[in-house]
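Novice: Take a look at this one; I'll ask things after.
Residue numbers (my numbering): 67 to 401.
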């Protein structure tokens, strides 16, 4: 029996829960700071309540206790805050008997912060990112920005705090709202019209890519992206190559990661919007198409043989028409 601890019970955790919960060789433990989190009540889950990962000291004490009390073998963080906490602990010298990925603190610091990521790529891969301005510049540039622009917090995901602004008057009110919630930790970017694409990748302990899958959103909850409502698997080798290039330019990675892109509706060029150092919220789309990314992650962590890594032919692929991150899609239709 392998004791697997999944940190967080929403978003990409749903893919892990559905992939592991029915396996008699796995005892699946899932944590969340919200005692009413749906993932804690999934069949086959041993639920644990943890403090918020951003409350780093008490979170670490509670996490160590669960690892010790339940003889945890494998640790998989699935939310941005959980990943950030684990990377910080490792950087501070945290030792634990569990198997987990150990990306570098420097790479995570670059990839997980939208402002740092954009600034870094603007200096080394400028054509990959939309033109951007940080919080300290936008007040003086408000009347001269190329509207529409997108405002976003530097360290949130799922569309939290994001808005599209079309005039300087609207910009000032949007900035005031962001500052109340996030201080100066926000970014302004030129809006890229087009469709959202996501590339999910998994890297091994040595930083070598094991698998990469590209997805295209047909509908998202927000104009600029965020939670996907409809989408399908796509063959985009150029986009996968661009994603690998971004990760290498930021220092490499170990474990799962996803990059969100926009394809300009007129030029066809891809622009990177953000990186999330985990699987994406609707990564179950890959599982339903024969590439179970949670099983890839688990195999790399335990040394087991990798599961299949090949997509079915186009005519046999499945898409999804509606899904929420906390509730896995029940019905699937042929694309």
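Even glycine gets a Cβ: it sits at the ideal position worked out from N, Cα and C.
In this text the structure is predicted, and so the values were computed from the model without any measurement.
Let's test the definition: count the other Cβ atoms within 10 Å of the Cβ of residue 85 and tell me whether it reaches 16, buried, or not, exposed.
Specialist: Residue 85 should be labelled buried.
Novice: Could I get the ranges of all uninterrupted beta strand (DSSP E) runs contained in the stretch 189-277, with 3 residues as the minimum, in chain order?
Specialist: Those beta strand (DSSP E) runs which fall completely within the stretch 189-277 and span 3+ residues are 198-200, 215-219, 229-231, 252-256 and 260-269.
Novice: Suppose the cutoff is 7 Å on Cβ atoms and the five residues either side in sequence are ignored; what does the same chain contact list for residue 82 look like?
Specialist: Within the same chain, residue 82 has close Cβ partners 72, 142, 144 and 360.
Novice: Can you round the beta-carbon distance between residue 284 and residue 297 to whole angstroms, since I take them to be within the 8 Å contact cut?
Specialist: Rounded, the Cβ-Cβ distance is 5 Å, consistent with contact.
Novice: Which first and last residues belong to the alpha helix (DSSP H) in which residue 150 is found?
Specialist: Element bounds for residue 150: 146-157.
Novice: Indicate the three-state DSSP secondary structure (helix, strand or coil) for residue 171 in the structure shown.
Specialist: The answer is helix: DSSP assigns residue 171 an H, G or I state.
Novice: Indicate whether residue 132 and residue 114 have their beta-carbon atoms separated by less than 8 Å.
Specialist: Contact flag set, yes.
Novice: How about residue 120: is its C-beta nearer than 8 Å to some C-beta of chain C?
Specialist: Given the protein chain composition of this structure (a single chain), no chain C is represented.
Novice: Please classify residue 247: is it buried, with 16 or more other beta-carbons within 10 angstroms of its beta-carbon, or exposed?
Specialist: That one is exposed.
Novice: With residue 326 as the anchor, note down where its beta strand (DSSP E) starts and where it stops.
Specialist: Its beta strand (DSSP E) spans residues 321-330.
Novice: Could you tell me whether the Cβ atoms of residue 305 and residue 322 are closer together than 8 Å?
Specialist: Taking 8 Å as the Cβ cut-off, residue 305 and residue 322 do not qualify as a contacting pair.
Novice: Using DSSP's beta-bridge definition, name the partner residues of residue 337.
Specialist: Answer is 328.
Novice: What did DSSP end up calling residue 123 once you bin it into helix, strand or coil?
Specialist: Residue 123: helix per DSSP, three-state reduction.
Novice: Ordered along the chain, which non-local residues of its own chain (more than five positions away) have a Cβ less than 6 Å from that of residue 259?
Specialist: So the list reads 331, once near-sequence residues are dropped.
Novice: For a quick check, are the C-beta atoms of residue 69 and residue 137 less than 8 Å apart?
Specialist: Contact flag set, yes.
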